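Take the sequence shown: its letters are residues 1 to 78, numbered as in full-length UniProt numbering. No residue lacks a Cβ here, since even glycine has one placed at the ideal position from N, Cα and C. Since we're looking at a predicted model, the values are computed, not measured. Inspection log for the structure reproduced underneath, given as structure tokens.
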Amino acid sequence: RYEAERLLENKLEGTFLLRDSAQEEHLFSVSFRKYGRSLHARIEHYQHRFSFDSHDPGVFAAPTVTGLIEHYKDPACV
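Structure, rendered in structure tokens:
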């Protein structure tokens with residue numbers, strides 16, 4: 001997380017990186033620039049789908065991590 005913050009420092013809003021999660025129950029986390037700072041979100045894997053909140057059926061889920069990232073790269077989805 002701290003290394004991600006260092007790498008993202010002074011980058012443009014929307015810049016992101018995918019990284020290993022520090023927590024065993026999550027495979028990946030995404031760190032990104034928004035509101036002039038670095039934010040972090042864990043990617044959850046549940047029932048062969050990846051999402052940012054697997055317990056909310058209204059949250060977008062994709063069969064691949066790439067599909068999840070591609071979806072949220074669209075500014076209309078954030």
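Buried or exposed by the 16-neighbour rule on C-beta atoms within 10 Å, applied to residue i
| i | result |
| --- | --- |
| residue 25 | exposed |
| residue 33 | buried |
| residue 39 | exposed |
Assigned secondary structure, residue i (DSSP; H/G/I helix, E/B strand, else coil)
| i | result |
| --- | --- |
| residue 22 | coil |
| residue 46 | strand |
| residue 1 | coil |
| residue 17 | strand |
| residue 65 | helix |
| residue 39 | strand |
| residue 73 | helix |
Nearest-angstrom Cβ-Cβ length linking residue i and residue j, presumed shorter than 8 Å
| i | j | result |
| --- | --- | --- |
| residue 43 | residue 31 | Not really, about 11 Å apart at Cβ, beyond 8 Å. |
| residue 8 | residue 17 | 7 Å |
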